[in-house]
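Under our numbering, the letters of the sequence shown match residues 95 to 173, in that order.
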Amino acid sequence: MSDDTPSAPGPGSARQISLVFGFIADTLEWPHADYQALIARLEATGKPALTITLDDVLSAYTAQQKARSGGAAGQQGMH
(Lines of atoms letter the chains of each structure in order from A and count residues from 1; the text may use other names and numbers.)
(Lines give C-alpha, C1' and ligand atoms only; values in the text may rest on other atoms or scores of the structure.)
Protein backbone atom coordinates (compact mmCIF):
# COMPACT_ATOMS: atom_id res chain seq x y z
CA MET A 1 0.00 0.00 0.00
CA SER A 2 1.43 3.37 -0.98
CA ASP A 3 1.73 6.28 1.41
CA ASP A 4 -0.92 8.26 -0.46
CA THR A 5 -3.60 5.56 -0.16
CA PRO A 6 -6.46 6.92 1.97
CA SER A 7 -7.12 4.92 5.12
CA ALA A 8 -10.65 6.26 5.52
CA PRO A 9 -13.46 7.06 3.12
CA GLY A 10 -12.73 10.10 1.00
CA PRO A 11 -14.45 13.45 1.02
CA GLY A 12 -17.07 12.20 -1.45
CA SER A 13 -18.19 9.50 0.96
CA ALA A 14 -18.32 11.96 3.83
CA ARG A 15 -20.50 14.31 1.76
CA GLN A 16 -22.87 11.47 0.88
CA ILE A 17 -23.19 10.41 4.51
CA SER A 18 -23.76 14.02 5.56
CA LEU A 19 -26.39 14.43 2.85
CA VAL A 20 -28.39 11.39 3.98
CA PHE A 21 -28.20 12.41 7.65
CA GLY A 22 -29.37 15.89 6.62
CA PHE A 23 -32.37 14.32 4.89
CA ILE A 24 -33.12 12.32 8.03
CA ALA A 25 -32.99 15.52 10.10
CA ASP A 26 -35.40 17.20 7.67
CA THR A 27 -38.04 14.57 8.44
CA LEU A 28 -38.38 16.02 11.95
CA GLU A 29 -40.33 18.90 10.39
CA TRP A 30 -42.68 16.65 8.41
CA PRO A 31 -46.31 16.15 9.39
CA HIS A 32 -46.83 13.06 11.54
CA ALA A 33 -48.58 11.12 8.76
CA ASP A 34 -45.70 11.66 6.33
CA TYR A 35 -43.13 10.64 8.94
CA GLN A 36 -45.10 7.49 9.72
CA ALA A 37 -45.30 6.74 5.99
CA LEU A 38 -41.50 7.01 5.80
CA ILE A 39 -41.18 4.55 8.68
CA ALA A 40 -43.60 2.20 6.91
CA ARG A 41 -41.44 2.39 3.77
CA LEU A 42 -38.37 1.47 5.82
CA GLU A 43 -40.21 -1.41 7.49
CA ALA A 44 -41.32 -2.59 4.04
CA THR A 45 -37.68 -3.39 3.22
CA GLY A 46 -38.15 -6.46 5.42
CA LYS A 47 -34.75 -5.87 7.02
CA PRO A 48 -34.09 -5.75 10.75
CA ALA A 49 -33.75 -2.11 11.84
CA LEU A 50 -30.02 -2.34 12.49
CA THR A 51 -29.30 -3.69 8.99
CA ILE A 52 -31.07 -0.92 7.06
CA THR A 53 -28.50 0.88 4.91
CA LEU A 54 -28.13 4.53 4.03
CA ASP A 55 -29.25 3.55 0.52
CA ASP A 56 -32.45 2.09 1.99
CA VAL A 57 -33.03 5.33 3.90
CA LEU A 58 -32.34 7.46 0.83
CA SER A 59 -34.68 5.38 -1.32
CA ALA A 60 -37.49 5.59 1.26
CA TYR A 61 -36.91 9.31 1.77
CA THR A 62 -36.96 9.99 -1.98
CA ALA A 63 -40.16 7.99 -2.47
CA GLN A 64 -41.85 9.77 0.42
CA GLN A 65 -40.71 13.18 -0.81
CA LYS A 66 -42.30 12.41 -4.19
CA ALA A 67 -45.51 11.38 -2.41
CA ARG A 68 -45.44 14.55 -0.31
CA SER A 69 -44.95 16.80 -3.34
CA GLY A 70 -47.76 15.19 -5.29
CA GLY A 71 -45.49 13.05 -7.46
CA ALA A 72 -47.41 9.94 -6.46
CA ALA A 73 -50.97 10.78 -7.49
CA GLY A 74 -51.10 13.71 -5.06
CA GLN A 75 -51.29 11.50 -1.98
CA GLN A 76 -49.76 12.33 1.36
CA GLY A 77 -48.43 9.45 3.34
CA MET A 78 -48.24 5.90 2.11
CA HIS A 79 -51.67 4.36 1.64
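Every residue gets a Cβ at the ideal spot worked out from N, C-alpha and C, and that includes glycine.
As the crow flies, the alpha-carbon of Asp150 is around 11 Å from that of Ala143. A residue is called buried when at least 16 other Cβ atoms come within 10 angstroms of its Cβ; Arg109 does not meet this threshold and is exposed. By the neighbour-count definition (other C-beta atoms within 10 Å, threshold 16), Leu113 is an exposed residue. Here the alpha carbons of Leu136 and Thr145 stand approximately 11 Å from one another. The residues Val151, in chain order, have a CB closer than 7 Å to that of Ile118 in the same chain once the five nearest residues on each side in sequence are set aside.
When DSSP states are grouped into helix, strand and coil, Ala138 belongs to the coil group.
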